[in-house]
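**Student:**
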């Protein structure tokens, strides 16, 4: 609306990858209907998965996928932050350490005992950490993977210098709005919906499956109460421990609940 | 990239663009001869095999899908087959068909991503698809439309396009209905037309004169169909073995410059998996429209030029659309979504054809279903040694090219394999530096 006289420089967008599966940056390329329009609204300045061309930073908006797991990446995230006016993490790896953060809870001695032919070729850290453990983060988008519509909302919000309209409520709210019958109440299916961050549109219950928590904890959670219900639904202590220890295992709410049930589980020979 | 006066030069690309994951390429030339070629994989390892230990036997499909956001269905399918094998369970025919349909969606999505967004810019001379769209808008829109059809199929059958939620050991949580599939059908009819147009487009590209006569092809094969969600191994050298013998046929070794292992076929050495191998070993299994498209593109029953892999991928796009429509048209409601898979002690093997080539899983389970050991061999790690051999053979006769041009064409030679580096590095174990 303003600056009609002068052609406005398009904001620059950079996409960075750390330890991850590529699925969240693929979500950007999965915006088939919006991709060319987006490329008109922003200058895609650094996105190696999509283009060889590289525009020098600094960048107006950096999207960061993946967690920090190597000494080199620990340095690189500092450079990315320094080159970025706004930095948004996309997905469970960048926001919570990802599935690879399960190493954080492993017996490191035992983990390293399962060595490959030449472990000296590999450099890695003993923990997988979210981007926010290393640098200031302007916004964290949740999900394993992120939701396409939420990604577009976050990009639009940052381009217009407003707050993303993304709710911190639980999956239960989305499920009710979608008109689903509750899988736990109706069928006794264990479901993490009451403690899981909304954003997927209550996908799993729509497919007759209990939520398995890939968006991580909602803003406010009562995992203790939910875990009690899961036990009533015949899940073993070990199963309850496992269900909180997946793609967002390192988030405080899920890590604590998992640890409580891991401690209560009977020791199994050779279990790790 | 450097160019010294003494006839030695080094071609280096620190970040390979338009591949999935993080890799670098280094080619060293001394006295006019290619002295060393390294595809260096620096993508951080994520240790999936280690973290699978101790998990329940129903968990590997969801967990291993997180190895790769581009081919999550492949991981879910190979994991399901291996666990079901370990537990002695066979799934009903409607489950097999719906798995094949979901997998068709992944082939369409993944192949279109590679053909249009990652590979085609090399042939047409653009750094990426956005730049390409300025001059070839309709072409790019066709690619995005095709990709959307693949994603829509995955979203319907699997719940979402990345890490589908509807897959479980034993089948699905919910069977897709005939009414839902009928609604999706027009999108796939259009996709079949778009796939056929894609074959015509890419068949008209210019290809480097480069044949890899010596390489061994390895792919799955079935009694009836083009191999996607099932099959038994065959090799171009006449070998044939079931998934359970994979470990005896394939060894992996760890090389210093890479975070991925290199695979080697017994008595042969490096081998190739993926579209070229699959096509050349299964030309007689192509459905009719795909076979016609391949003939019209002048492919012949065997293709040994990796630069033509883009044509083979396009033919496989036709195959996936045609197969999807066949399954949709034959679908009737009323089957069971899944069968129970009670845990038992044992070892199970599973292999399916990921878009980039055969993906092998093996699990050893305890009596209560706990995973005691897991082995996963993704397609890209099977191809790495061959990619390096390709580069070596490709560069030698082209050393007189301008360095920028040679570098660009070497990158293209790597992209011929659509390497998925995220997949290739998932499994290495570690040295630990404490933070």
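Chains as they are written, first to last, in this note's numbering: chain A, 6 to 277; chain B, 32 to 466. Glycine included, each C-beta is placed from N, C-alpha and C at the ideal position.
What do you get for residue 262 of chain A, buried or exposed, if any count of 16 or more other CB atoms within 10 angstroms of its CB means buried?
**Tutor:** As a working note, residue 262 of chain A is residue 257 in the first chain. By the neighbour-count rule (16 or more Cβ atoms within 10 Å), residue 262 of chain A is buried.
**Student:** Looking at C-alpha atoms only, which residue of B:396, B:424, B:337 is the closest neighbour of residue 372 of chain B?
**Tutor:** Position 341 of the second chain, counted from the start, is the residue given in the question as residue 372 of chain B. Checking every option, the nearest Cα to that of residue 372 of chain B belongs to B:396.
**Student:** Beta-carbon of residue 39 of chain B versus every beta-carbon of chain A: anything under 8 angstroms?
**Tutor:** Working through the second chain from its first residue, we reach residue 39 of chain B at position 8. Output row for residue 39 of chain B: interface = no.
**Student:** Pair every Cβ in the segment 366–380 of chain B with every Cβ in the segment 199–206 of chain B, then say whether three or more of these pairs are closer than 8 angstroms.
**Tutor:** At 8 angstroms Cβ cutoff, the stretches touch.
**Student:** With distance defined between alpha-carbon atoms, name the residue in A:138, A:185, A:223 nearest to residue 148 of chain A.
**Tutor:** Taking the first chain and counting its residues from 1, one reaches residue 148 of chain A at position 143. Residue 148 of chain A has its Cα closest to that of A:223, out of A:138, A:185, A:223.
**Student:** Reducing DSSP to helix, strand and coil, say where residue 60 of chain A ends up.
**Tutor:** Numbered from 1 along the first chain, position 55 holds the residue referred to as residue 60 of chain A. Coil at residue 60 of chain A, not helix or strand.
**Student:** Of all the options A:186, A:14, A:235, A:167, which has the alpha carbon lying nearest to the alpha carbon of residue 1 of chain A?
**Tutor:** Not covered by the structure: residue 1 of chain A. The range shown for chain A is 6 to 277.
**Student:** Is the beta carbon of residue 68 of chain B sitting closer than 8 angstroms to the one on residue 423 of chain B?
**Tutor:** For this step, residue 68 of chain B is matched to residue 37 along the second chain. For this step, residue 423 of chain B is matched to residue 392 along the second chain. Yes. Within cutoff.
**Student:** Flag residue 18 of chain A as yes if its beta-carbon sits less than 8 angstroms from any beta-carbon of chain B, otherwise no.
**Tutor:** Here residue 18 of chain A is taken as the residue at index 13 of the first chain, counted from 1. No, residue 18 of chain A lies away from the interface with chain B (no Cβ there is under 8 angstroms from its Cβ).
**Student:** What does residue 217 of chain A reach in chain B if we use C-beta pairs closer than 9 angstroms?
**Tutor:** Residue mapping note: residue 217 of chain A aligns to position 212 of the first chain, counting from 1. Chain B residues near residue 217 of chain A: 93, 196.
**Student:** Would you decide whether residue 125 of chain A is buried or exposed? Buried here means 16 or more other CB atoms lie within 10 Å of its CB.
**Tutor:** Working through the first chain from its first residue, we reach residue 125 of chain A at position 120. With a pLDDT of only 49 at residue 125 of chain A, under 50, the local geometry of the prediction cannot be trusted, and the value read off the model is given with reservation. So residue 125 of chain A ends up on the exposed side.
**Student:** Could you check where the beta strand (DSSP E) with residue 383 of chain B kicks off and where it finishes?
**Tutor:** The residue given as residue 383 of chain B occupies position 352 in the second chain. Segment 377–385, the beta strand (DSSP E) holding residue 383 of chain B.
**Student:** At a threshold of 7 angstroms, does residue 156 of chain A count as lining the ligand MG (C-beta to nearest heavy atom)?
**Tutor:** This structure lacks the ligand MG, and indeed carries no ligand of any kind.
**Student:** Considering only residues of the segment 101–160 of chain B, which uninterrupted beta strand (DSSP E) runs meet the minimum length of 3 residues and lie entirely inside it, listed in chain order?
**Tutor:** List check, beta strand (DSSP E) in window: nothing returned.
**Student:** Quick check on this structure: which residue in B:401, B:413, B:399 has the alpha carbon closest to the alpha carbon of residue 388 of chain B?
**Tutor:** For the purposes of this step, residue 388 of chain B is taken as the residue at position 357 of the second chain. For residue 388 of chain B, the nearest C-alpha among the options comes from B:413.
**Student:** Comparing C-alpha positions only, which one of B:404, B:249, B:262, B:343 sits nearest to residue 302 of chain B?
**Tutor:** Against the second chain, residue 302 of chain B aligns to sequence position 271. Checking every option, the nearest Cα to that of residue 302 of chain B belongs to B:249.
**Student:** Which residue comes first and which comes last in the beta strand (DSSP E) that contains residue 50 of chain A?
**Tutor:** Taking the first residue of the first chain as 1, we reach residue 50 of chain A at position 45. Run containing residue 50 of chain A: 48–51, per the beta strand (DSSP E) assignment.
**Student:** Given that residue 98 of chain B touches chain A, what residues does it touch there, using C-beta distances under 8 angstroms?
**Tutor:** Walking along the second chain from the start, residue 98 of chain B turns up at place 67. Ordered by position in chain A, the residues that pass the 8 angstroms Cβ test against residue 98 of chain B are 26.
**Student:** Can you give me the start and stop residues for the alpha helix (DSSP H) that residue 192 of chain A sits inside?
**Tutor:** Your numbering for residue 192 of chain A matches position 187 in the first chain. Residues 188–192.
**Student:** Buried or exposed: which applies to residue 428 of chain B, given that a residue is buried once 16 or more other Cβ atoms fall within 10 Å of its Cβ?
**Tutor:** Position 397 of the second chain, counting from 1, holds the residue named residue 428 of chain B. Exposed, by the Cβ-count rule.
**Student:** Less than 8 angstroms between the beta carbons of residue 233 of chain B and residue 341 of chain B, yes or no?
**Tutor:** Position 202 of the second chain, counting from 1, holds the residue named residue 233 of chain B. Position 310 of the second chain, counting from 1, holds the residue named residue 341 of chain B. Yes. Within cutoff.
**Student:** Between residue 37 of chain A and chain B, is there a C-beta pair that is closer than 8 angstroms?
**Tutor:** Within the first chain, residue 37 of chain A is the residue found at index 32, counting from 1. Taking Cβ atoms only, chain B reaches closer than 8 angstroms to residue 37 of chain A, which makes this a yes.
**Student:** DSSP has residue 302 of chain B in a bridge; who is on the other side?
**Tutor:** As a first step, residue 302 of chain B must be located in the second chain, where it is residue number 271. Its beta-bridge partners are B:247.
**Student:** Name the chain B residues whose beta carbon is nearer than 7 angstroms to that of residue 212 of chain A?
**Tutor:** Indexing the first chain from 1 puts residue 212 of chain A at position 207. Residues of chain B passing the Cβ test: 190, 196, 197, 204, 205.
**Student:** Going by alpha carbons, who is nearest to residue 88 of chain B out of B:45, B:399, B:180?
**Tutor:** Within the second chain, residue 88 of chain B is the residue found at index 57, counting from 1. Taking only the C-alpha atoms, the option nearest residue 88 of chain B is B:399.
**Student:** Of all the CB atoms in chain A, is at least one closer than 8 angstroms to the CB of residue 371 of chain B?
**Tutor:** The count along the second chain starts at 1 and reaches residue 371 of chain B at position 340. It does not; no Cβ of chain A falls within 8 angstroms.
**Student:** So what does residue 91 of chain A bridge to, in DSSP terms?
**Tutor:** Taking the first residue of the first chain as 1, we reach residue 91 of chain A at position 86. Per DSSP, A:66.
**Student:** May I have the straight-line CA-CA distance separating residue 48 of chain B from residue 53 of chain A, to the nearest angstrom?
**Tutor:** As a working note, residue 48 of chain B is residue 17 in the second chain. As a working note, residue 53 of chain A is residue 48 in the first chain. Distance between the alpha carbons of residue 48 of chain B and residue 53 of chain A is about 5 angstroms.
**Student:** Give the single residue among B:426, B:443, B:435 whose Cα lies nearest to the Cα of residue 63 of chain B.
**Tutor:** Stepping through the second chain from its first residue, residue 63 of chain B is reached at position 32. For residue 63 of chain B, the nearest C-alpha among the options comes from B:426.
**Student:** Among B:42, B:237, B:322, which residue has its Cα nearest to the Cα of residue 61 of chain B?
**Tutor:** The residue labelled residue 61 of chain B in the question sits at position 30 within the second chain. Nearest option by C-alpha distance: B:42.
**Student:** Where do the ends of the beta strand (DSSP E) carrying residue 22 of chain A lie?
**Tutor:** By one-based count along the first chain, residue 22 of chain A stands at place 17. Looking at the DSSP string, the run of the beta strand (DSSP E) that includes residue 22 of chain A is 17–22.
**Student:** Got a sec? Which residues, its chain only, sit under 6 angstroms from residue 173 of chain B by beta carbon, not counting five neighbours each side?
**Tutor:** Along the second chain, read from residue 1 onward, the residue named residue 173 of chain B stands at position 142. Within the same chain, residue 173 of chain B has close Cβ partners 225.
**Student:** Where does residue 251 of chain A sit, in a helix, a strand or coil, going by DSSP?
**Tutor:** Along the first chain, read from residue 1 onward, the residue named residue 251 of chain A stands at position 246. Three-state DSSP puts residue 251 of chain A in coil, outside helix and strand.
**Student:** At 8 angstroms on the CB atoms, spell out the chain A contacts of residue 46 of chain B, in chain order.
**Tutor:** Taking the first residue of the second chain as position 1, residue 46 of chain B is located at position 15. The contacting residues are 53.
**Student:** Give the residues of chain B in contact with residue 252 of chain A, contact being defined as C-beta atoms less than 8 angstroms apart.
**Tutor:** Your numbering for residue 252 of chain A matches position 247 in the first chain. Ordered by position in chain B, the residues that pass the 8 angstroms Cβ test against residue 252 of chain A are 97.
**Student:** Do you know how far the Cα of residue 202 of chain A is from the Cα of residue 208 of chain A?
**Tutor:** For the purposes of this step, residue 208 of chain A is identified with residue 203 of the first chain, where counting begins at 1. For the purposes of this step, residue 202 of chain A is identified with residue 197 of the first chain, where counting begins at 1. Roughly 12 angstroms separates the two Cα atoms.
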